[in-house]
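Quick note on my numbering: the sequence shown kicks off at 6 and runs consecutively. Idealized CB from N, CA, C, for every residue including glycine. Notes to accompany the following structure.
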Amino acid sequence: MEYGVVFVTCAKRQSKEIAHKIVQEKLAACVNIIPEITSIYTWEGKLEEDNENLLIIKTRADLFEQLKERIKSMHSYEVPEIIFLPIKMGYEQYLDWIKESTS
């Protein structure tokens, strides 16, 4: 089984709602919320700077498409950041816990 970490940035008001839903729905084993990051980016030709929260989501690779669609359905951004990074190696018991928590 393959696992990954998903990064999602969102408005502070949305972070707990998204985190609770995806864990309750077993699309994620765990979500860490890192508050108050500053994001600098170009949007529609303008340089933007916003304070956001960063969600770090632990999940199975085979759940990514479902997870992505669920996040998009709740997210306020037109083009939300949803990035999957594969876990190449990890503590075996932790990876087993991800599997158990998302089954």
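With contacts defined as CB atoms closer than 8 Å, T107 and K17 fail to qualify as a contacting pair. Here the alpha carbon of W48 sits roughly 20 Å from the alpha carbon of E41. With a beta-carbon spacing of about 20 Å, T14 and A34 fall beyond the 8 Å limit used to define contacts.
In this structure, the beta-carbon distance from L60 to V28 does not fall below 8 Å. In this structure, DSSP gives E30 a state outside helix and strand, which the three-state scheme calls coil. In the DSSP assignment, the residues bridged to D55 are S44.
Counting the other Cβ atoms within 10 Å of the Cβ of Q98 gives fewer than 16, which makes it exposed. Residue pairing for V11: DSSP places it in a beta bridge opposite I62 and F89. Looking at the backbone, the Cα of Y96 and that of D55 are separated by about 35 Å.
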